[in-house]
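Working notes, structure below.
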Amino acid sequence: MATIELINISKKYKDETIIADLNLTIKDGSFTVLVGPSGCGKSTTLRMIAGLEQITGGEIRIDGKRVNETAPGHRDVAMVFQNYALYPTMTVRGNIEFGLKNRGIAKRERDTLVADIAEIVGLAPLLDRKPQQLSGGQRQRVALARAMVKKPKVFILDEPLSNLDAKLRNQMRTELIQLHKRLGTTFVYVTHDQVEAMSMGDEIVVMNKGLIQQADSPMNLYYDPANLFTAQFIGTPAMNVLDTRDVSGLMLQSESTVSHIGFRPERAQIEAGQQLDGFRISGEVMTRESLGAENIYQIKAASGVFFVKTFLEPLYEAPALSVVVPYEQLYCFGPDGKRLAGVKVQERQLAMAGGV
Amino acid sequence: MKATKSGLLVETGDAALTRGMEGSRGNRISLIRAGRAALRVLNWLCMLLLVLVFALPFGWMISTSLKTMPETMIFPPEWIPKQPVWQNYADAWNTGPFLRYFMNSVIIAIGILICQALTIIPAAYAFARYQFIGSKLLFSVVMVTLMIPAQLIFLPVYLELSALKLLNTHLGLILPFASSAFGIFLLRQGFMQVPEELIEAARLDQAKEWKIIAKLMVPMVKPVLITFALFSFIAHWNDYFWPLVMTTNETARTLPLGIAKIREVEGVATWNTLMAGNLILVAPILVVFFFSQRHIIRAFVYSGVK
Amino acid sequence: MTVWEKLRPYGMVAPSIVIFSMFFIYPIFYMIYLSFYDWNFISPTKTFVGLQNFKDLLLDEDFRKVLSNTTVYTLLTVTLTTVLSLLLALWLNRKGFFHAFVQGAIFSPHIISLVSISLLWSWLMDPEYGLLNWVIGLFGFDKLQWLSHPGTALVSLVIVAVWKGLGYNTLVFIAGLQSIPSDIFEAAALDQSKPWTTFRRIILPMLSPTIFFLVIINMIGSFQVFETIAIMTQGGPVNSTNTLVYYIYENGFRFFKIGYASAAGVILLAIVGALTIIYFRLLSSRVHYR
């Protein structure tokens, strides 16, 4: 068990700066997910923690100890790789006990450790197979067993589910959550999939272009995004964002300029007959996706294209729809993309006066 | 086209004409079938002929090796000797110190193989996996060596070995080939194809560098190693030029030299003895080839292509 | 990084680099150096003669004959091998036991010592009792002198070289053919391409890197032909099969004209070097479809 501290970390490849001045504390026993689009530096951060990547500047501490100069094998960190990185020339048993052998653990102890772990992940009958003879899910389990058997302080997982099919991915997701609960070890998990991040992590670090956009709990990320990037990254479909210059009928009172307003597709209500209070916007329906319980509309309004998601409502067939977003569900963003919280005030009357 | 035509005719209802047309169509189809069958037979015959072009010389070699001298001088030739003369093999073997030739061949081919394993694997690994100052320059030395056929520089190498007092020694015949640029090139490709993740996983498993190489990387490139070993062994087992040039007496001479020398010892016309000796040289390789044809062909063909 | 980690790669490449330097790189320079000297190997002193060896070579009737022999031999061997093996590859490019057997059969000479092949073909080409004369006799031809006649000796050597190299070249071509993705042929078939058009417009261009590779490899190989000549003809009759490497060998080891032989070696080096450079130049610029 260990806290991981990244202090003023930077990483450069030749002239290219991947990460500049990153500060992050990963709490002991947490399931922390680093999430972001490809090339955002999440994998690099992960690999720096593991020691597979040299850091250009700053300090990494695991359990309070500076590990900058510690070799990967001695950081007490175990890693599950995206392609599992199982040793193809060794059996399942060989794969699991390779690390133990290198630590000089006696044969008898090794055997019990391997047997125990194989029992836990359900590999016991497959110990003498080669990785090539296993299915994707089984390989995943070997990779997990290989990491677990070392009883590390920190588990590092680099997109471990991306090579599995959808069904198996869901199953492994729950298994990983349960595993984390049982072990209580710090998990650091990298993914580009925000759904995966939201469903697994108790702490989510959203990254973009080498910078941490927001590090928070899943609920806070959804309800209280710190900036435009997080707001649009979390949630499906993404938050609708409109340029305030294109929007009429809204009066925004703020100390600083509001350049964009946003609302979540699931917060917009379709106006069918009844009068609703809020920001009204209407337009031509471009597409309708009916998924059964939920329907998604893509609507083209004068101020831009946006999505609306409804739950357990009939599919509206009208060629044009008018939707209403309650004022408290509108998010405002400044020209730098920062969320402008607290200062937003919507004057209903002025909005009415403006007309639609 | 034909089918629609006759179909139309059926609809006109002229039974006789239809029958006639169908008959001729049947004839045509059977003609085409016959043509195809003939073509297939022709194809097989051509292939048989092709195989003969390559098999007959070897058959002729075996046949001659079992003939008496007068039997070799019959024209038109006879394929089956009346009484196989096994003595020819003993005669060939006794034209020179053949046991020594054989041992020399084994020592040199195996010696080269062992040295190459020791030099090529670390070099290929370093070129594939480490970044170090001057690696490009050093690799260009490998590439230049790859381009230079040994046949081109035998004269200065001879002078060099003579200065080192290595002529007529096993070491002198092994040393120039103790490493192989081709082998390094081939194995480097193999090492480069191993995903980086594997090495990282091993590092996280606290494996030391030598252990990563010995326990993980070398087993990963085993097929390439086998390929190269076959290639190298066959090439040096068969080599005539290098031992010929680098030896002046019998101490380190190899089997191919001994066989070639039968002609000088026995005179030009003793083809039966010569072919018997030839067979001693060829048989082991052909037997190996027969059993591991796939491997050997891949060794030569695919390593040549890339 | 520790000092050991920094030095490790050098330690790992050192044995190979030392061997290459001693037995490949240094000898080249030594040979170039020797080509400017007159030396008979036995005498303790070498005499500097400048470009005299090269002048002598170019004026030497024999050397010109040797150059032309080598060129004719190379051109004939390379052309015949390439064309025949391409045709064979198109014909034999099929999977299955029988085809594998035929491929194995035609490949077999490639792994056999050139000594064996030379001796075997000397016997096959024996003017009196050789099998070859019997075979051509079946077709109504008169007996040929093969290796014993200046007019046919070089061509006879070409036949042996083609026989030996055909299988290897064919299999390389087959490997090349099999690396062409089959959907291209399917697309061509849907476009109703005729076999000849498919060959001209698809197979040939796609195979061009392979063709190129083989032509250069065969050329480099043919330019240094030695074994068959040393065993079958010793350069004769009347110098009709004397080629570069054999010429260097004779001048060096029989006549002890080290400087003179080195100069010839330098010329051969230049030819092979030029071929290699052309190969890599063209390879990087033109023939590339993958």
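One line per chain: the protein sequences are A, B and C, in this order.
Residues 1 to 356 (UniProt numbering) are what the first sequence spells out, left to right.
Residues 1 to 306 (UniProt numbering) are what the second sequence spells out, left to right.
Residues 1 to 290 (UniProt numbering) are what the third sequence spells out, left to right.
Idealized CB from N, CA, C, for every residue including glycine.
This structure is a prediction, so every number in the text was calculated from the model and none was measured.
What in chain C is Cβ-close to residue i, meaning under 8 Å?
i        : result
GLU250/B : Chain C residues near GLU250/B: none, gap ~16 Å exceeds 8 Å.
LEU173/B : Per Cβ cutoff of 8 Å: no residues; LEU173/B is ~12 Å from chain C at best.
ILE297/B : GLN103, GLY104, PHE107, LEU171
Using a C-beta to C-beta distance shorter than 9 Å, which residues of chain C count as neighbours of residue i?
i        : result
VAL41/B  : The contacting residues do not exist; VAL41/B stays about 14 Å from chain C at best.
GLU264/B : By Cβ distance, chain C contributes nothing, its closest Cβ being about 11 Å from GLU264/B, past 9 Å.
ILE62/B  : Chain C residues near ILE62/B: none, gap ~11 Å exceeds 9 Å.
So residue i and residue j are in contact, right, with Cβ under 8 Å, and what is the actual spacing, rounded?
i        : j        : result
LEU177/C : PRO77/B  : In fact, because the Cβ distance is near 39 Å, the residues do not count as touching under 8 Å.
ILE112/B : SER232/B : 7 Å
THR89/A  : LEU216/B : 7 Å
ALA231/A : MET239/A : 5 Å
LEU6/A   : GLY58/A  : 7 Å
LEU166/B : THR247/B : Wrong, their Cβ atoms sit about 11 Å apart, outside the cutoff.
VAL85/B  : THR64/B  : In fact, because the Cβ distance is near 10 Å, the residues do not count as touching under 8 Å.
ALA126/B : VAL18/C  : Between VAL18/C and ALA126/B the Cβ distance is about 14 Å, and since that is not below 8 Å, they are no contact.
Per DSSP, what kind of secondary structure is residue i in: helix, strand or coil?
i        : result
GLU313/A : coil
LEU76/C  : helix
ARG66/A  : strand
GLU289/A : strand
ASP224/A : coil
TYR87/A  : coil
LYS101/A : helix
HIS260/A : strand
ARG75/A  : coil
PHE29/C  : helix
GLN171/A : helix
ASN168/B : coil
ILE212/A : strand
LEU9/B   : Any reading at LEU9/B needs caution, since the residue's pLDDT is 38, under 50, leaving its predicted position unreliable; the model's value is listed next. In the structure shown, LEU9/B sits in a helix (DSSP, three-state: H, G or I).
ARG281/C : helix
LEU252/A : strand
ILE212/B : helix
GLN116/B : helix
ILE296/B : helix
Taking Cβ-Cβ distances shorter than 7 Å, what residues in chain C pair up with residue i?
i        : result
LEU186/B : Going along chain C, no residue has its Cβ under 7 Å from LEU186/B, so there is no contact; the nearest lies around 13 Å.
TRP271/B : TRP123
Would you mind telling me which residues of chain B sit closer than 7 Å to residue i, beta carbon to beta carbon, in chain order?
i             : result
ALA50/A       : LEU204
ALA105/C      : VAL51, PHE54, ALA55
residue 416/A : Outside the shown range of chain A, which is 1 to 356, sits residue 416/A, and nothing can be said about it.
THR82/C       : Within chain B, no residue comes near THR82/C; the closest Cβ sits about 14 Å away, beyond 7 Å.
Cβ closer than 8 Å: which chain B residues qualify as neighbours of residue i?
i        : result
GLU250/C : Within chain B, no residue comes near GLU250/C; the closest Cβ sits about 11 Å away, beyond 8 Å.
ASN83/A  : PRO195, GLU197
TYR30/C  : PRO156, LEU159, GLU160
GLY73/A  : ARG203, LEU204, ASP205, GLN206, ALA207
Per the DSSP calculation, residue i is bridged to which residue(s)?
i        : result
GLU16/A  : TYR13/A
LEU6/A   : LEU24/A, ILE60/A
LEU321/A : GLY283/A
GLY304/A : ALA301/A
ASN295/A : SER290/A, THR310/A
THR191/A : VAL35/A
ASN240/A : PHE263/A
ILE156/A : MET79/A, VAL188/A
ARG339/A : PHE333/A
GLN269/A : VAL324/A
VAL205/A : LEU34/A, ALA215/A
Give me the chain A residues within the contact set of residue i, using Cβ-Cβ distance strictly less than 8 Å, ordered along the chain.
i        : result
MET220/B : PRO88, THR89
Which residues in chain B sit within 9 Å of residue i, going by Cβ to Cβ distance?
i        : result
MET79/A  : GLU200, ALA201, LEU204
GLY265/C : LEU152, ILE153, PHE154, LEU155, PRO156
Would residue i count as contacting chain F if we go by Cβ distances under 9 Å?
i        : result
GLN293/B : Of the protein chains in the structure, A, B and C, none is chain F.
query = Of the residues that make up the region 188-199 of chain B, which ones have a beta carbon closer than 8 Å to any beta carbon in chain A?
reply = PRO195, GLU197, LEU198
request  = Quick one: which residues of the region 86-106 of chain B get their C-beta closer than 8 Å to a C-beta of chain C? List them in chain order.
outcome  = none
query = Using a beta-carbon distance cut-off of less than 7 Å, what residues from the region 92-106 of chain A approach chain B?
reply = PHE98, GLY99, ASN102, ARG103
ask   = Between the region 216-237 of chain A and chain B, which residues of the former have a C-beta closer than 8 Å to a C-beta of the latter?
value = none
ask   = Given a limit of 7 Å on CB to CB distance, which residues of the region 212-240 of chain B reach chain C?
value = ILE234, ASN238, TYR240
request  = Output, in sequence order along the chain, the residues in the region 25-36 of chain B whose CB is closer than 8 Å to any CB in chain C.
outcome  = none
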